[in-house]
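Trainee:
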Amino acid sequence: MRRTRNTVCLPGINKELKQIAAPCYACQKKRPRNQKEPLQKHEEGKITWEKLGLDFFEFGDRHYLIIVDYFSNFIEVKHMTSTTASHTIGTLKQQYRIPKLIISDNRPQFTAEKFKEFTKRWNIVHNTSSSGHPQSNSKAESVVKTIKYLMKRFWNAETDPYEGLKNTPRQGVGHSPEQIMFRRSSRTLLLSKAAACNIY
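At position 24 of the sequence shown the residue is numbered 24 (this note's numbering), and the sequence of numbers has no breaks.
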């Protein structure tokens with residue numbers, strides 16, 4: 001709905017979108033359950049890619065690494081052919097810039113000596129969630145939940161889960177994670193707002 005309001009000028013669009021989504025089998029089947037325990041919030045970063053949340057998840061027999069920027073909510077979903085500490089480090093080195101702080105859980109990839117050497121050499125503060133309470137890695141946990149929901153929903157609907165991942169405006173902000181990250185309007189499959197208003 002936020003993506004549409006940002007691009008389409010059409011009265012009553014929210015009501016129409018709700019009516020479209022209501023009978024959607026994939027949406028209803030994969031609707032996320034209520035959170036059992038409130039997630040512990042961290043302070044947002046002051047600039048983009050300064051503070052990152054990391055987490056792994058599996059989907060369709062594949063392993064993925066989630067990288068989320070605390071400041072912009074910009075998300076990278078990396079398919080990992082290997083989940084070793086070395087491969088994880090190599091993936092992080094290919095990103096946009098060196099972060100100051102990384103938040104993760106206590107998976108073996110993040111507690112390995114190689115990963116500790118990497119964060120020390122690159123002068124990165126690495127905070128891990130407490131044992132038995134992965135919810136303290138709130139940003140990454142929340143993103144994993146959202147991404148798995150989107151991938152399951154779009155898998156059932158046979159559509160592309162990446163279409164709206166980075167282009168949806170953040171609630172209360174008005175800009176998408178990609179716009180905040182790169183300070184430019186992002187290319188989207190939806191019509192521009194100006195073009196939509198001309199049509200209607």
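Glycine included, each C-beta is placed from N, C-alpha and C at the ideal position.
Here's the rule I'm using: 16 or more other beta-carbon atoms within 10 Å means buried, otherwise exposed. How should Lys51 be labelled?
Mentor: Buried: at least 16 other Cβ atoms inside 10 Å.
Trainee: Mapping DSSP to helix, strand and coil, what is Arg62?
Mentor: DSSP places Arg62 in strand when its eight states are reduced to three.
Trainee: Kindly list the residues whose CB is nearer than 6 Å to the CB of Phe110, restricted to its own chain and excluding five residues on each side of it in sequence; keep chain order.
Mentor: Closer than 6 Å at the Cβ level, and outside the excluded window around Phe110, lie Ser104.
Trainee: So, using beta-carbon positions, are Ile53 and Ile89 closer together than 9 Å?
Mentor: Sequence inspection shows Gly at residue 53; the Ile mentioned does not correspond to that position. No. Outside cutoff.
Trainee: Could you tell me whether any Cβ in chain D is nearer than 9 Å to the Cβ of Tyr149?
Mentor: Looking at the structure shown, chain D is missing, and only one protein chain is on hand.
Trainee: According to DSSP, simplified to helix, strand and coil, what is Ser104?
Mentor: It is a strand residue.
Trainee: Please name the residue or residues paired with Leu54 in a DSSP beta bridge.
Mentor: Note: Leu54 sits in a beta bridge opposite Ile67.
Trainee: Does the beta-carbon of Met1 have 16 or more other beta-carbons within 10 angstroms, so that it is buried, or is it exposed?
Mentor: Answer is exposed; the Cβ neighbour count stays below 16.
Trainee: Could you give the first and the last residue of the continuous beta strand (DSSP E) run that contains Thr84?
Mentor: Unbroken run through Thr84: none, as it is neither H nor E.
Trainee: Taking the continuous alpha helix (DSSP H) assigned at Asn14, which residues delimit it?
Mentor: Its alpha helix (DSSP H) spans residues 13 to 21.
Trainee: In whole angstroms, what is the alpha-carbon distance linking Pro23 and Asn123?
Mentor: Going by the C-alpha atoms only, they are around 51 Å apart.
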